[in-house]
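Asker:
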Amino acid sequence: MKSVLITFDQAHYVRIIELLDKLSCRGFSYFEQMRGRGSKTGEPHYGSHAWPSMCSAIITVVEDSKVEPLLEKLHQMDEATPQLGLRAFVWNIEQAI
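Heads up: the sequence shown begins at 279 in the working numbering, then just goes up one per residue.
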């Protein structure tokens, strides 16, 4: 099992939920409002008057076989709209209850 943390501009929310459904990644936790900025490019997401956009995050735990298809589709979404910002990070899950 792997954990995938997806951070993204709020504009991506519906498309990411649809992608998780399509790939049968049922369980996830959603963090609606987060602040941050990308490490390389993109606009900051501070929720301020100067940088009003906000970002969100979803964390999901999926079978190993679902990681690559998920990352590929997320990468395509990011390339289509690079200024919005979208990142994904993968961790091994050692144990779960």
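The C-beta atom is built at its ideal place from N, Cα and C for all residues, glycine as well.
These numbers come from a predicted model, not from an experiment.
Going by C-alpha distance, which of Met312, Gln288, Met279, Ala374 is nearest threonine 359?
Answerer: Nearest C-alpha to threonine 359: Gln288.
Asker: Please confirm if the segment 299-308 is in contact with the segment 339-348, defined as three or more CB-CB distances below 8 angstroms between the two stretches.
Answerer: The answer is yes - the segment 339-348 touches the segment 299-308, with three or more Cβ pairs under 8 angstroms.
Asker: Suppose contacts are defined by Cβ-Cβ distances below 8 angstroms. Is glycine 314 in contact with glutamine 361 by that definition?
Answerer: Result no, Cβ atoms of glycine 314 and glutamine 361 do not sit closer than 8 angstroms.
Asker: Give me the DSSP bridge partner(s) of alanine 335.
Answerer: Thr285, Phe309.
Asker: Quick check on leucine 364: does DSSP put it in helix, strand or coil?
Answerer: Strand.
Asker: Which same chain residues, not among the five before or five after methionine 355, have their C-beta less than 7 angstroms away from its C-beta?
Answerer: These residues qualify, in order along the chain: His290, Arg293, Leu364.
Asker: Can phenylalanine 309 and serine 334 be called in contact, C-beta distance under 8 angstroms?
Answerer: Their beta carbons are under 8 angstroms apart, which means phenylalanine 309 touches serine 334 by this criterion.
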